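Remarks on the structure that follows.
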Amino acid sequence: MLNKTTIEPIGVLCSPFKQKFSIPRQPRLAPAARGIIKLSDGYNSPDMVRDLETFSHLWLVFGFHENSDKGWQPLVRPPRLGGNKKTGVLATRSTFRPNGLGLSAVKFERVIIKDNMASIEVSGIDLLDGTPVYDVKPYISYCDVIDAECGFAPDAPQLKTVNFSELAVSFLNQHDVPNEFEVLIEQILAQDPRPAYKQQKTDDKVYRVELYNFDVHWQVIDDCILVTNIHPI
Ligand code: SAH
């Protein structure tokens with residue numbers, strides 16, 4: 000008989016990504032994407048994170064909580080294969096999978112201790128705001144770095160050029176925005192977050208991405224991304 004067990008999150012991630020659309024498809028593709036793991040009661044004593052700062056990177060084990068009621072299928076269509084070809088779910092990093100668990104290697108930034116409660120700041124995240132974190136482990140090069148065969152995903156995705164309109168630039172200059180906000184927008188949009196089937200077509204749609212408390216509007220023009228405007232939410 001299968002051994003069923005119950006696990007509970009040790010914390011929740013606060014992230015600039017308020018919706019799934021536009022979140023990088025893997026960690027460290029947007030190094031400016033910073034998040035804070037707020038450890039929960041029972042897991043947040045400073046002892047829990049003692050010496051964490053001696054590691055530069057961490058593994059996060061987390062839940063794809065936004066998909067929890069959406070089920071999974073044995074075959075999925077990875078965006079990297081154009082969104083048409085089916086592959087076994089276990090041969091992909093699909094977010095619709097049995098148990099809905101995700102795994103990301105992210106950069107450790109710092110431990111924050113406030114009122115004797117610990118939080119962990121990380122960067123290069125590919126996770127939605129509110130993601131439950133089940134475990135944090137140090138990334139260890141001697142056993143975690145492998146010169147591996149990588150199936151349909153041998154290389155990092157190709158990047159597009161991102162330009163900012165005058166309106167967008169003046170918004171960034173005149174408003175109090177988060178640190179590295181412009182860099183974050185650029186790193187995210189360079190990945191071209193549109194669904195795979197849109198990428199080869201002419202597309203004059205204005206897209207909207209919610210980052211922190213801002214709405215970023217953008218379009219694809221001549222195969223480059225143009226940030227047309229930014230609005231506070
Ligand atoms: N590196 C992880 C995640 C890869 S998938 C792994 O391989 O397991 C990354 C995508 O997951 C993001 O682009 C976003 O669309 C989605 N995602 C991130 N956090 C999520 C969450 N809490 N619930 C559902 N989907 C999420």
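Here numbering that gives the first Met the number 0 is used: position 221 in the sequence shown is 220, and no number is missing along the way.
Cβ coordinates follow ideal geometry from the N, Cα and C atoms, glycine included.
None of the values given here were measured: they were computed from a predicted structure.
Whole-number beta carbon distance between residue j and residue i, since they are thought to touch under 8 Å
{"i": "Phe95", "j": "Gly70", "result": "7 Å"}
{"i": "Thr227", "j": "Ser169", "result": "Incorrect: roughly 12 Å between the Cβ atoms, too far for contact."}
{"i": "Asp125", "j": "Val60", "result": "At roughly 14 Å, the Cβ-Cβ gap does not stay under 8 Å, so Asp125 and Val60 are not in contact."}
{"i": "Ser21", "j": "Ala117", "result": "That belief does not hold up - the Cβ atoms of Ser21 and Ala117 are roughly 30 Å apart, past 8 Å."}
{"i": "Ala32", "j": "Pro8", "result": "Their Cβ separation, rounded to whole angstroms, is 20 Å, which puts Ala32 and Pro8 out of contact at 8 Å."}
{"i": "Leu171", "j": "Phe180", "result": "7 Å"}
{"i": "Leu57", "j": "Tyr138", "result": "6 Å"}
{"i": "Val132", "j": "Ile36", "result": "5 Å"}
{"i": "Ile229", "j": "Val215", "result": "5 Å"}
{"i": "Gly99", "j": "Ala195", "result": "Rounded, the Cβ-Cβ distance is 22 Å, inconsistent with contact."}
{"i": "Lys19", "j": "Leu102", "result": "Not a contact, Cβ separation roughly 17 Å."}
Closer than 8 Å: residue i CB and nearest the ligand SAH heavy atom
{"i": "Lys204", "result": "no"}
{"i": "Arg92", "result": "yes"}
{"i": "Thr86", "result": "no"}
{"i": "His56", "result": "no"}
{"i": "Asn66", "result": "yes"}
{"i": "Thr53", "result": "no"}
{"i": "Asp125", "result": "yes"}
{"i": "Ile22", "result": "yes"}
{"i": "Gly10", "result": "no"}
{"i": "Gly62", "result": "yes"}
{"i": "Thr201", "result": "no"}
{"i": "Gln198", "result": "no"}
{"i": "Phe151", "result": "no"}
{"i": "Phe213", "result": "no"}
{"i": "Gly70", "result": "no"}
{"i": "Ser103", "result": "yes"}
{"i": "Lys159", "result": "no"}
{"i": "Lys106", "result": "no"}
{"i": "Gln25", "result": "yes"}
{"i": "Gly34", "result": "no"}
{"i": "Lys19", "result": "yes"}
{"i": "Gly82", "result": "no"}
{"i": "Thr130", "result": "yes"}
{"i": "Phe163", "result": "no"}
{"i": "Phe16", "result": "yes"}
Where the alpha helix (DSSP H) containing residue i begins and where it ends
{"i": "Ser14", "result": "Note, Ser14: premise wrong, no alpha helix (DSSP H); not H, not E."}
Range covered by the beta strand (DSSP E) that runs through residue i
{"i": "Pro97", "result": "Neither: Pro97 is in no beta strand (DSSP E) and is coded neither H nor E."}
{"i": "Glu209", "result": "206 to 210"}
{"i": "Val215", "result": "213 to 220"}
{"i": "Ile229", "result": "223 to 231"}
Next item on the list: Decide if the segment 176 to 194 is in contact with the segment 14 to 32; the criterion is three or more beta carbon pairs, one per stretch, under 8 Å apart.
Entry: Contact holds: three or more Cβ-Cβ distances are below 8 Å.
Notebook entry, point to check: Do the segment 64 to 84 and the segment 92 to 107 make contact, defined as three or more Cβ pairs closer than 8 Å?
Noted result: Enough Cβ pairs lie closer than 8 Å, so yes.
Checklist line | Contained beta strand (DSSP E) runs [length at least 3] in the segment 99 to 186, N- to C-terminal order | finding: Runs of the beta strand (DSSP E) inside the segment 99 to 186: 100 to 113, 116 to 122, 131 to 137, 161 to 163.
Item checked: Three-pair Cβ contact test at 8 Å for the segment 43 to 60 versus the segment 194 to 210 -> As far as the Cβ criterion goes, the segment 43 to 60 does not touch the segment 194 to 210, which means the pair count is below three.
Next item on the list: Report the residue ranges of all beta strand (DSSP E) runs contained in full by the segment 31 to 78; include only those spanning at least 3 residues, in chain order.
Entry: If we require 3 residues or more, the beta strand (DSSP E) runs fully inside the segment 31 to 78 come out as 33 to 38, 56 to 62.
Margin query: Within 8 Å, do at least three Cβ pairs link the segment 145 to 154 to the segment 193 to 201?
Written below: Taking 8 Å as the limit for Cβ pairs, the verdict is that the segment 145 to 154 does not touch the segment 193 to 201.
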